[in-house]
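See below for the structure under consideration.
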Amino acid sequence: MEPQRPDEPTWASLSMSEKVSAALGMTGLGIVILGALAMMLLAGVMAVAFLFSNLIEADSTSSLIWAVLLCLPCGLIASVFTTPVRLALGLACISGRSKRRADMATSATTTFLGALLVESFTPGLHVEHPWLPAPLSTLLVALTNLVINRVERRNGRRNGDAR
């Protein structure tokens, strides 16, 4: 931990109005982040629905919003099935590179199962062959993760060079 600088106030030294202002600011920031995440999920769901428009039939736009809302619970249910495999692979005596690949494969499997669950449980969404759109959504999530990792590495190098 960094030592406390004398010019930085602590939470205890803030007045009630400053605490309320800080809490409202953090709440607003959280809402903006959740909204951006929801918009990205909606964009992904709409991209998959557009690319497989001959296989996916939605009763209305609200079906796509339901699909976005169900992404988190269905992802959690899918992770319940893949977590034992992830833990077993983590405990196995394999090299670091193999562990990373196994973790990526387990993550892709979780995303695939989550997409299948979203397709199955979304009200008003009718998917003719659910096995076809699920790999595309898994690929979109994997590509997004690769882009995020690349940006983080680039920013890390930039910050490392600045020091």
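To convert, take the position in the sequence shown, counting from 1, and add 4; that gives our numbering. Don't be surprised by glycine CBs; every beta carbon is placed ideally from N, CA and C.
A straight line joining the alpha-carbon of A138 with that of F125 spans about 14 Å. Distances from the CA of F116 to each of L129, R104, I81 and L59 were compared; the closest alpha carbon is that of I81.
For the set T148, T113 and M30, the Cα lying nearest the Cα of G79 is the one of T113.
A53 and L46 have their C-alpha atoms roughly 10 Å apart.
With a 10 Å radius around the Cβ and a threshold of 16 neighbouring Cβ atoms, C75 comes out buried. Between the stretch 31-48 and the stretch 63-74 there are three or more inter-stretch CB-CB distances shorter than 8 Å, so the stretches are counted as touching.
Scanning its chain for C-beta atoms nearer than 6 Å, with the 5 sequence neighbours on each side dropped, one finds around V145 the residues T115, in chain order. In the structure shown, I98 falls within a coil segment according to DSSP collapsed to helix, strand and coil.
From the listed residues L147, E22, P127 and L121, the smallest Cα separation to W135 is found for L121. According to DSSP, A62 shares a beta bridge with L129. Counting only residues of its own chain and dropping the five nearest sequence neighbours on each side, V89 has a CB closer than 7 Å to the CB of T110.
In this structure A62 is in contact with G128, their Cβ atoms being roughly 6 Å apart against a cut-off of 8 Å. DSSP, reduced to helix, strand and coil, places T14 outside both helices and strands of the structure shown, so it counts as coil.
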